[in-house]
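S.K.: My structure is below; once you've seen it, I'll send some questions.
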Amino acid sequence: MEKDKAPSHATYTRAQLALRNGQDKPEVWIAYKGTIYNVSSSRLWKSGKHYEHWAGQDLTDELEDAPHTDTVFGKFEIIGKLVP
Ligand code: HEM
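Right under this line is the structure:
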């Protein structure tokens, strides 16, 4: 990120994130380590469900249950930051 520019990402609350669970709205967003990713295009997150996990929330602590690392986020658009 260029330091001389204002942050380009918006910040969202947990309540705003919760609406993007693939059920209440069509968007499927997930938060990981403070960053919100748009996984709407993923067939593996269809309707907001990924194995036993639901979108629309901070899934940082749940990644340890996954058979993969956080490299899976690499190809997805960053929506913004989750309010700390
Ligand atoms: C029981 C737990 C889980 C299982 C069995 C599981 C399984 C998988 C599998 C098989 C894939 C596709 C192959 C790969 O990239 O390795 C995948 C992709 C992915 N997983 Fe998980 N996962 C789990 C939990 C999680 C959690 C907790 C997160 C978020 C923190 C997550 C985020 C993702 C993402 C973003 C992708 C990429 C989807 C795509 O490329 O379309 N997974 N997962």
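Sequential numbering of the sequence shown, starting at -1, is according to our numbering.
For every residue, glycine included, the Cβ atom is placed at its ideal position computed from N, Cα and C.
#1: Using CA atoms only, rank isn't needed, just tell me which of P65, D56, Y35 is closest to Y49.
#2: Mapping the DSSP letters down to three states, classify L61 as helix, strand or coil.
#3: Within the structure, which residues are defined as neighbours of the ligand HEM by a Cβ-heavy atom distance below 6 Å, reported in chain order?
#4: Confirm, please, whether the CB-CB distance from D63 to Y30 is below 8 Å.
#5: With distances taken between CB atoms, is the gap from I28 to L57 smaller than 8 Å?
M.R.: Well, looking at it:
#1: P65
#2: helix
#3: Taking every residue with its beta carbon within less than 6 Å of a heavy atom belonging to the ligand HEM gives, in chain order, I28, Y30, V37, S40, L42, H48, Y49, E50, H51, L57, E60, L61, D63, A64, P65, H66, V70, F71.
#4: no
#5: yes
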